[in-house]
């Protein structure tokens, strides 16, 4: 976190790039960065200001080339409006190292938190889902963004609700007093906490205060104006399809089979993640329940994920059981009978319900049996074990469910 190689200690009021950007509010943070609302004093506008951690900033050539290409797409393809583009990039040196800074238009909350933030605290519950028309609009916008990315040889590799941001109305004419960090401690905005070392010494590596992110949800465009943009191409996730990395940061539950078992990876890993997102946005729950019980036992997590694919989607290919999945013998007998795992107190291995039953359990009330069948058929057409058999984003945009 805040240490050499980690986050830069940003404080409210700090200025960057010779005073051009002045920080007034924390919007959020991720594994590799913190994100702030800043006033661009040169162009008289507000911007989102992302400060990458120093370690991730060291090898950012690929990310910068991808961001440059995305910015070019903005001038060439109208569908590029569904991708968050950068307005400025530069490096900033601090006590924890040199940090890549990415400037973009300010956005509202992510799809991961929008439904929760729109729900009054007294009505909050787990597994909050989106109304079906809203979920469909979000998914359609994601497909439009993916179409542009994949057509330009870019793979996102971290397609998840947290990286889908909601556009906001223009706030450039609002005063800084209106937009600045709320430090009152009321409602959803806890008061900031002073950072102090337990030994009482000064620490140049950390900020003076820790602030929770405060999204711009009150300015989010909703209803027929709702627009979602794919974001977060920095750090270590996005890559050129011609030069895939050995590993990705794809969330566990959204991983395609080739990310678990090994194999050539490309844009089809984004399509698999998208198929999982259809289920998640409509139901409020993940299609696959993948949990890391022990960090040093990722094999058990991977095995559980593959077993869920077998149960929820379709039987695993013979080549997986015979060759690709080297631990298959722990779970399947020679006749494909399930051998395990068997939970304590149970006589038989646990088997997950198939996709149709899972969707029926969690689906919204406004989806009837006919539409449910269309949706589960769509998901099945996407979540194919063989990457080459998955549809493209362009093909999915022509599907009848997205055209309604």
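Numbering (my numbering), first residue to last: 233 to 636.
Each residue gets a CB set at the ideal place from its N, CA and C atoms; glycine is no exception.
The region 412-430 makes no contact with the region 301-319, as fewer than three CB pairs between them are under 8 Å. CA-CA distance, residue 591 to residue 511, rounds to 7 Å. The alpha-carbon separation between residue 552 and residue 560 amounts to approximately 8 Å.
Ranked by Cα distance from residue 434, the first of 327, 286, 422 and 285 is 327. Closest by C-alpha distance to residue 452, out of 482, 250, 346 and 601, is 346. If you keep only unbroken alpha helix (DSSP H) runs of at least 4 residues inside the region 390-447, you get 408-411.
Per DSSP, the unbroken beta strand (DSSP E) holding residue 261 starts and ends at 253-261. Using a 10 angstroms sphere on the CB of residue 233, the tally of other CB atoms stays under 16, which defines it as exposed. Comparing C-alpha distances from residue 394 to each of 343, 547 and 548 shows the shortest one belongs to 343.
With a beta-carbon spacing of about 7 Å, residue 607 and residue 514 fall inside the 8 Å limit used to define contacts. Cβ-Cβ separation between residue 286 and residue 329: approximately 3 Å, consistent with a contact (criterion under 8 Å). Ranked by Cα distance from residue 273, the options 253, 265 and 410 are led by 253. Following the DSSP letters along the chain, one finds residue 379 in no beta strand (DSSP E) but inside the alpha helix (DSSP H) bounded by residues 364-383.
Remark: C-beta atoms of residue 323 and residue 297 do not approach each other more closely than 9 Å. Residue 373 and residue 266 have their C-alpha atoms spaced approximately 25 Å apart. Check the Cα spacing between residue 503 and each of 377, 270 and 567: the tightest is with 377. Cα atoms of residue 401 and residue 411: separation of roughly 13 Å, rounded to the nearest angstrom. Residue pairing for residue 386: DSSP places it in a beta bridge opposite 472. Judged by DSSP in its simplified three-state form, residue 551 adopts helix.
Sixteen is the threshold: when 16 or more other Cβ atoms of the shown chains lie within 10 Å of the Cβ of residue 282, as they do, the residue is buried. Inclusion of residue 598 and residue 480 in the CB contact set at 9 Å is not warranted, their separation being larger than that value. The beta carbon of residue 245 sits closer than 8 Å to those of 254, 255 and 256, all from its chain and outside the five residues before and after it, given in chain order.
In this structure, the CA atom of residue 302 is about 12 Å from the CA atom of residue 470.
When Cβ pairs closer than 8 Å are counted between the two stretches, the region 332-343 is seen to touch the region 314-321, the count reaching three or more. Between residue 603 and the set 364, 294 and 279, the nearest pair of CA atoms involves 364. As the crow flies, the alpha-carbon of residue 392 is around 19 Å from that of residue 534. With a beta-carbon spacing of about 18 Å, residue 594 and residue 523 fall beyond the 8 Å limit used to define contacts.
If you draw a 10 Å sphere on the C-beta of residue 247, you find fewer than 16 other C-beta atoms in it, and that means exposed. Rounded to whole angstroms, residue 541 and residue 496 show a C-alpha spacing of 19 Å. Here residue 464 is buried: its Cβ has 16 or more other Cβ atoms, across all protein chains shown, within 10 Å. Just so you know, the alpha carbons of residue 383 and residue 472 end up roughly 11 Å apart. In terms of CA proximity to residue 605, 587 leads the group 491, 618, 587 and 616. Secondary structure note for residue 270: its beta strand (DSSP E) is the uninterrupted segment 265-272. DSSP places residue 246 in the coil class of the three-state scheme, outside both helix and strand. Annotation: the continuous alpha helix (DSSP H) that includes residue 511 extends over 500-515.
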